[in-house]
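In my numbering, the protein residues as written are 21 to 326.
Reviewing the structure listed below.
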């Protein structure tokens, strides 16, 4: 098991370095931030002086090696716009995004899993067809459109919930539903497929032959085995929720790292963007690693095959 975990850890580290390299190169070719930082009408000498001060006059390869060296010393650099440590700026926004992601995951699990189980147990009936239509609708709607519909219905027409900002706990409800809608549909579909697959196996037929109802067989025998793919999807969805938060936080003016990422890209604040990408990448690969380990614990054949 330790050998299996070490192999996955090495793969995770390579993935993080790869993502950081791509972002570093893309950001450096997206434009010169010094042109946005100097006062309007500044001379070329003033622009060149600021460029030298920020270190952007050096070759990209040198900047990249210096960046990696700084990361090894846990030095994440200083924002070129706000002139304070980039990690402090990102850290101040992290609690908002974590709250949003956890809220979205809770919504997705509480609604998606029961819907998927119901679709599998009552497969082929009108109830399953109605739920399938709702799941398909949830998967088809873009996140920004879901957010706008929620704002119009529950914020503007009914006036029940805030439509922007993070001034109260109720302000989290609409962004969490908008962000969790897509994951909700994914959980429902995965749970349905996994349970239907298990229902066709001999141990379930034996349980039914002993007089157990279909719902009883699902509750007592099927759920544990069907949980393996669902656990994997749940772990991967955490990374997807963090990435998807960029759109939702923009629609609802939620002050998380997604909104900060958009603002930093617009101002070409390289180091803040790199810290955000580093954070999301680490969370993504760690959740994937955790999913692999849980998967291996639930099914020993996987780690033996690896």
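From the three backbone atoms N, C-alpha and C, an ideal C-beta is built for every residue, glycine too.
Keep in mind the model is a prediction, meaning the values are calculated, not measured.
Excluding the 5 residues preceding and the 5 following residue i in the sequence, name in chain order all residues of the same chain whose CB lies nearer than 8 Å to its CB.
| i | result |
| --- | --- |
| residue 303 | 258, 259 and 262 |
| residue 234 | 141, 219 and 228 |
| residue 68 | 77 |
| residue 92 | none |
Please identify the residue among the options whose C-alpha is closest to the C-alpha of residue i.
| i | options | result |
| --- | --- | --- |
| residue 284 | 25, 45, 110 and 29 | 110 |
| residue 277 | 117, 198, 237 and 122 | 117 |
| residue 188 | 150, 275, 128 and 212 | 275 |
| residue 241 | 225, 250 and 251 | 225 |
| residue 245 | 60, 106 and 220 | 220 |
| residue 212 | 145, 178, 140 and 144 | 140 |
| residue 122 | 151, 46, 264 and 149 | 264 |
| residue 197 | 167, 217 and 218 | 167 |
| residue 253 | 270, 210 and 269 | 210 |
| residue 106 | 113, 114, 82 and 97 | 97 |
| residue 186 | 129, 272 and 127 | 272 |
| residue 46 | 297, 312 and 311 | 297 |
Just curious, the alpha helix (DSSP H) that residue i is in, first and last residue?
| i | result |
| --- | --- |
| residue 77 | Premise fails: residue 77 is in no alpha helix (DSSP H) and is neither H nor E. |
| residue 222 | 222-229 |
| residue 119 | 106-141 |
| residue 284 | 277-286 |
| residue 273 | Residue 273 -> no alpha helix (DSSP H), and no H or E assigned at all. |
| residue 147 | 146-160 |
| residue 96 | Note, residue 96: premise wrong, no alpha helix (DSSP H); not H, not E. |
| residue 183 | Neither: residue 183 is in no alpha helix (DSSP H) and is coded neither H nor E. |
| residue 167 | 163-170 |
Report, in whole angstroms, the separation of the C-beta atoms of residue i and residue j, which I expect to be a contact under 8 Å.
| i | j | result |
| --- | --- | --- |
| residue 165 | residue 174 | Not confirmed; about 15 Å, so no contact. |
| residue 202 | residue 159 | 7 Å |
| residue 137 | residue 238 | 7 Å |
| residue 119 | residue 192 | 6 Å |
| residue 58 | residue 70 | 6 Å |
Can you determine whether any heavy atom of the ligand SAM sits closer than 8 Å to the C-beta of residue i, and answer yes or no?
| i | result |
| --- | --- |
| residue 161 | By its list of ligands, the structure shown contains no ligand whatsoever, and the ligand SAM lies outside what it can speak to. |
Excluding the five sequence neighbours on either side, which residues of its own chain have a C-beta within less than 6 Å of the C-beta of residue i, listed in chain order?
| i | result |
| --- | --- |
| residue 183 | 171 and 175 |
| residue 300 | 262 |
| residue 32 | 305 and 309 |
| residue 48 | 80 |
| residue 292 | 99, 106, 109 and 284 |
| residue 148 | 139 and 142 |
| residue 124 | 196, 199, 200 and 261 |
Below 7 Å CB to CB, which residues in the same chain sit around residue i once its five sequence neighbours on both sides are set aside?
| i | result |
| --- | --- |
| residue 288 | 50, 51, 53 and 56 |
| residue 177 | none |
Return the chain-ordered ranges of every alpha helix (DSSP H) run that is complete within the stretch 40-64 and spans a minimum of 4 residues. As far as the stretch 40-64 is concerned, its whole alpha helix (DSSP H) runs of at least 4 residues are 54-57.
Unbroken stretches of the alpha helix (DSSP H), 4 residues or longer, contained in the stretch 186-271: If we require 4 residues or more, the alpha helix (DSSP H) runs fully inside the stretch 186-271 come out as 193-219, 222-229, 234-237 and 243-271.
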